[in-house]
Amino acid sequence: MMSFGDIDLKLLKVLHVVLSERSVTRASERLGRSQPAVSNALRRLRDLLGDELLVRGPNGLVLTPRAQALERPLGEAMALVEGCLFDGDRFDPADASGVFRISAPDRLSVPVVPSLLDRLQRFAPRLRLHAVTADRNYALELLDRDVVELAVGTFAKLPHHFNSETIVQEGFLCVVRKGHPLLKPQAHFDMAAVLSYPHVVVSAAGRDSFFDDLLEGHGLSRNILARVTTFNAVPHLLMQGEAIGIFTKLASQALAASFGFVTRPVPMDVGRIATALAWHVRNEQDKKHIWLRQEVKAICHGLKPTET
Numbered sequence: 058m059m060s061f062g063d064i065d066l067k068l069l070k071v072l073h074v075v076l077s078e079r080s081v082t083r084a085s086e087r088l089g090r091s092q093p094a095v096s097n098a099l100r101r102l103r104d105l106l107g108d109e110l111l112v113r114g115p116n117g118l119v120l121t122p123r124a125q126a127l128e129r130p131l132g133e134a135m136a137l138v139e140g141c142l143f144d145g146d147r148f149d150p151a152d153a154s155g156v157f158r159i160s161a162p163d164r165l166s167v168p169v170v171p172s173l174l175d176r177l178q179r180f181a182p183r184l185r186l187h188a189v190t191a192d193r194n195y196a197l198e199l200l201d202r203d204v205v206e207l208a209v210g211t212f213a214k215l216p217h218h219f220n221s222e223t224i225v226q227e228g229f230l231c232v233v234r235k236g237h238p239l240l241k242p243q244a245h246f247d248m249a250a251v252l253s254y255p256h257v258v259v260s261a262a263g264r265d266s267f268f269d270d271l272l273e274g275h276g277l278s279r280n281i282l283a284r285v286t287t288f289n290a291v292p293h294l295l296m297q298g299e300a301i302g303i304f305t306k307l308a309s310q311a312l313a314a315s316f317g318f319v320t321r322p323v324p325m326d327v328g329r330i331a332t333a334l335a336w337h338v339r340n341e342q343d344k345k346h347i348w349l350r351q352e353v354k355a356i357c358h359g360l361k362p363t364e365t
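In my numbering, the protein residues as written are 58 to 365.
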């Protein structure tokens with residue numbers, strides 16, 4: 058029969074990371090160990106626990122019921138142990154190494170991720186960045202599994218084991234190509250005119266966007282020419298024809314800066330959207346995590362929307 062003495066702390070660390078990543082390859086990269094070494098550790102864990110832990114599924118490895126039951130308490134236990142041993146350590150970004158793992162929705166990836174990478178290169182050159190595009194629910198799942206350490210996005214009524222902080226309130230901007238009919242001097246730039254043109258919408262999983270929900274609250278709707286799930290397609294769709302995009306200010310300004318689009322304020326009060334940071338409570342007092350939160354906050358405050 059297995060006893061606690063049969064498992065050392067290194068094995069527990071491997072188990073925690075493998076369960077989080079659902080991949081031996083990614084776990085080996087995160088741990089800084091060779092893939093054969095991680096595979097051997099996983100084999101030992103399977104023998105000791107009498108369970109496969111991860112099995113092949115249609116889209117890769119999946120956790121067994123035993124592994125699912127272990128995942129959250131093991132992550133919390135590892136955070137507690139690391140906090141007890143290293144809580145007094147000073148975090149010096151100039152000397153730190155490893156990977157920062159964050160998630161952000163597509164609308165924030167362009168304005169936030171490049172700026173964060175630039176700050177890491179300047180102040181923490183040995184740290185690497187792993188950024189994942191994720192909507193709210195997927196971001197919380199990744200935080201729960203310790204796949205990412207910090208999520209940027211819109212969060213409301215979070216479960217008790219997450220903390221959050223609102224960092225910026227964003228309005229919306231209209232985005233059009235140069236030479237668009239709405240920009241002509243004689244054009245009436247009012248809401249009726251804006252809604253008379255076809256629109257390009259970015260919305261995860263094809264659902265109505267946050268802006269469409271706001272419009273519905275005013276008894277309005279728009280003619281949607283194309284609904285896409287990523288901003289990558291937006292420039293190509295707006296460069297030709299008479300399509301319009303209405304996006305949050307940070308995303309709109311990033312599109313304008315990168316592709317030469319023109320932005321205009323939405324000609325009616327449609328409210329604002331709160332952008333926040335969210336993290337698991339296990340990272341609340343972690344020195345590296347506190348520094349990461351401060352850096353992302355500084356970036357978002359520096360990108361604070363300006364009236365166009």
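Beta carbons are placed, not taken as given, at the ideal position from N, Cα and C, and that holds for glycine.
For this session: Would you decide whether LEU184 is buried or exposed? Buried here means 16 or more other CB atoms lie within 10 Å of its CB.
Result: The residue you call residue 184 lines up with position 127 of the sequence shown. Residue environment: LEU184 is assigned as buried (16 or more neighbouring CB atoms within 10 Å of its CB, all protein chains considered).
Exercise. Helix, strand or coil for ALA314 per DSSP?
Worked result: Mapped onto the sequence shown, residue 314 falls at position 257. Three-state DSSP puts ALA314 in a helix.
For this session: Assign ILE347 to one of three DSSP states: helix, strand, or coil.
Result: On the sequence shown, position 290 is the one that residue 347 refers to. ILE347 falls in the helix class under three-state DSSP.
For this session: Buried or exposed for GLU222, please, with buried defined as at least 16 other CB atoms from any protein chain shown within 10 angstroms of its CB.
Result: Within the sequence shown, numbered from 1, the residue matching residue 222 stands at position 165. Exposed: under 16 other Cβ atoms inside 10 Å.
Problem set entry | With 16 other Cβ atoms within 10 Å as the buried cut-off, status of HIS358 | Locating residue 358 in the sequence shown gives position 301, counting from the first residue. Counting Cβ neighbours within 10 Å, HIS358 comes out exposed, since fewer than 16 surround it.
Exercise. If we ignore side chains and look at the alpha-carbon of each, how far apart do GLN351 and ARG176 end up?
Worked result: In the sequence shown, residue 351 corresponds to position 294, counting from 1. In the sequence shown, residue 176 corresponds to position 119, counting from 1. Approximately 12 Å, taken between the alpha carbons.
Exercise. Leaving out the 5 sequence neighbours to the left and right, which residues in its chain are closer than 7 Å to THR305 when beta-carbon positions are compared?
Worked result: Here residue 305 is taken as the residue at index 248 of the sequence shown, counted from 1. Closer than 7 Å at the Cβ level, and outside the excluded window around THR305, lie ARG164, GLU227, PHE229 and ILE330.
Problem set entry | DSSP state of THR320 mapped onto helix, strand, coil | In the sequence shown, counting from the first residue as 1, residue 320 sits at position 263. Reduced to three states, the DSSP call for THR320 is strand.
Exercise. Are any of the Cβ atoms in chain C nearer than 8 Å to that of ALA331?
Worked result: Protein chains in the displayed structure number just one, and chain C is not present.
For this session: Just grab the DSSP bridge partners of ASN220 for me.
Result: Stepping through the sequence shown from its first residue, residue 220 is reached at position 163. As computed with DSSP, ASN220 is found in a beta bridge with TRP336.
For this session: Could you give the DSSP three-state label for LEU72: helix, strand or coil?
Result: Position 15 of the sequence shown, counted from the first residue, corresponds to residue 72. When secondary structure is reduced to three states using DSSP, LEU72 falls in the helix class.
Exercise. What are the partner residues of HIS187, as DSSP defines its beta bridges?
Worked result: Mapped onto the sequence shown, residue 187 falls at position 130. Partner(s): ARG158.
For this session: Enumerate in chain order the residues of its own chain whose CB-to-CB distance from PHE316 is below 6 Å, with the five nearest sequence positions on each side excluded.
Result: In the sequence shown, counting from the first residue as 1, residue 316 sits at position 259. Its chain contains PRO292 as the residues whose beta carbon lies nearer than 6 Å to that of PHE316, once the 5 sequence neighbours on both sides are disregarded; these appear in chain order.
Exercise. What is the DSSP secondary structure of GLU364, counted as helix, strand or coil?
Worked result: Stepping through the sequence shown from its first residue, residue 364 is reached at position 307. Because the pLDDT of GLU364 is 43, which lies under 50, any placement of that residue in the model is unreliable, and the number read from its coordinates should be weighed accordingly. Secondary structure of GLU364 (DSSP, three-state): coil.
Exercise. By how many angstroms is the C-alpha of SER309 removed from the C-alpha of THR363?
Worked result: As a position in the sequence shown, residue 363 is number 306, starting the count at 1. As a position in the sequence shown, residue 309 is number 252, starting the count at 1. At THR363 the pLDDT is 47, less than 50, meaning the model places this residue with poor confidence and gives no usable figure here.
Exercise. Buried or exposed: where does SER266 fall if 16 or more other Cβ atoms within 10 Å of its Cβ makes it buried?
Worked result: By one-based count along the sequence shown, residue 266 stands at place 209. Under this definition SER266 is a buried residue.
Problem set entry | Simplified DSSP state of ALA300, which is helix, strand or coil | One-based indexing of the sequence shown puts residue 300 at position 243. The answer is coil: DSSP assigns ALA300 none of H, G, I, E or B.
For this session: Go ahead and pull the three-state DSSP assignment for THR305.
Result: Numbered from its first residue, the sequence shown carries residue 305 at position 248. Correct three-state label for THR305: strand.
Exercise. CA-CA distance, VAL285 and VAL258?
Worked result: Along the sequence shown, read from residue 1 onward, the residue named residue 285 stands at position 228. Along the sequence shown, read from residue 1 onward, the residue named residue 258 stands at position 201. Each residue's alpha carbon lies about 6 Å from the other.
Exercise. Pick from THR82, LEU334 and LYS344: whose alpha carbon is nearest that of PHE212?
Worked result: Locating residue 212 in the sequence shown gives position 155, where the first residue counts as 1. The candidate whose alpha carbon is nearest that of PHE212 is LEU334.
Problem set entry | the segment 235-245 in contact with the segment 268-279 per 3-pair CB rule at 8 Å | Between the segment 235-245 and the segment 268-279, the count of C-beta pairs closer than 8 Å stays below three; the two stretches do not touch.
Exercise. Between the Cα of GLU198 and the Cα atoms of TRP348, VAL232 and PRO216, which residue gives the shortest distance?
Worked result: As a position in the sequence shown, residue 198 is number 141, starting the count at 1. With respect to the C-alpha of GLU198, the residue from TRP348, VAL232 and PRO216 having the closest C-alpha is PRO216.
Problem set entry | Nearest candidate by alpha-carbon position, reference VAL74, set ARG113, ALA124 and PRO168 | As a position in the sequence shown, residue 74 is number 17, starting the count at 1. Cα-wise, what sits closest to VAL74 is ALA124.
Exercise. If we ignore side chains and look at the alpha-carbon of each, how far apart do LEU131 and ALA161 end up?
Worked result: Residue numbering aside, residue 131 sits at position 74 when the sequence shown is read from its first letter. Residue numbering aside, residue 161 sits at position 104 when the sequence shown is read from its first letter. Those two C-alpha atoms are separated by around 26 Å.
Exercise. How should GLU139 be labelled, buried or exposed, when 16 other C-beta atoms within 10 angstroms of its C-beta is the threshold for buried?
Worked result: The residue labelled residue 139 in the question sits at position 82 within the sequence shown. Exposed: under 16 other Cβ atoms inside 10 Å.
For this session: List the DSSP bridge partners of PHE229.
Result: Within the sequence shown, numbered from 1, the residue matching residue 229 stands at position 172. Per DSSP, THR305.
Exercise. What do you get for MET58, buried or exposed, if any count of 16 or more other CB atoms within 10 angstroms of its CB means buried?
Worked result: Here residue 58 is taken as the residue at index 1 of the sequence shown, counted from 1. Note on MET58: pLDDT 46, under 50, position unreliable in the model; no value is reported.
Exercise. Using DSSP with H/G/I as helix, E/B as strand and the rest coil, what is HIS275?
Worked result: Here residue 275 refers to the residue found at position 218 of the sequence shown. Note: HIS275 maps to coil in three-state DSSP.
Exercise. Name the DSSP beta bridge partners of ARG113, please?
Worked result: The residue labelled residue 113 in the question sits at position 56 within the sequence shown. LEU118.
Exercise. If you follow the alpha helix (DSSP H) that ALA249 is part of, which residue opens it and which one closes it?
Worked result: Position 192 of the sequence shown, counted from the first residue, corresponds to residue 249. For ALA249, the enclosing alpha helix (DSSP H) covers residues 248-253.
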